[in-house]
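Residue numbers (the UniProt record's numbering): 1 to 76. Glycine residues also receive a C-beta, built at the ideal position from the N, C-alpha and C atoms. In what follows, a single structure is set out as structure tokens and then discussed.
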Amino acid sequence: SKLNGESYLFTPNQIGGDWDTHEDNKRDYFTKRFKKLVKDTFGLGADYGLYSFRHTYITKVYRALVKKSSPFEAKS
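Structure representation (structure tokens):
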């Protein structure tokens, strides 16, 4: 990869870069941005958050893996 392995993957301005702020500010930035751009736009309630999409994606990956693998391989 051309990206520096020590850089943050997500920053307010780019993929892969420096971000000089407190750790709590980083989480809060993306939480607020997600609320404004996704939750408010689509009228999603408190049951939906960034973690919801992570769970949905890994479920889809697992189901695709099950189709191509034995049950043992999929669970391993």
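* Asked: Taking the DSSP output, what are the residues bridged to PHE10?
  -> ILE15
* For ALA74, which residues from the same chain have a beta carbon less than 6 Å from its beta carbon, with the 5 sequence-adjacent residues on both sides left out? -> LEU65 and VAL66
* **Residue range of the unbroken alpha helix (DSSP H) whose run includes SER52** => 50-68
* Roughly how many angstroms lie between the CA atoms of PRO12 and LEU37, to the nearest whole one? -> 14 Å
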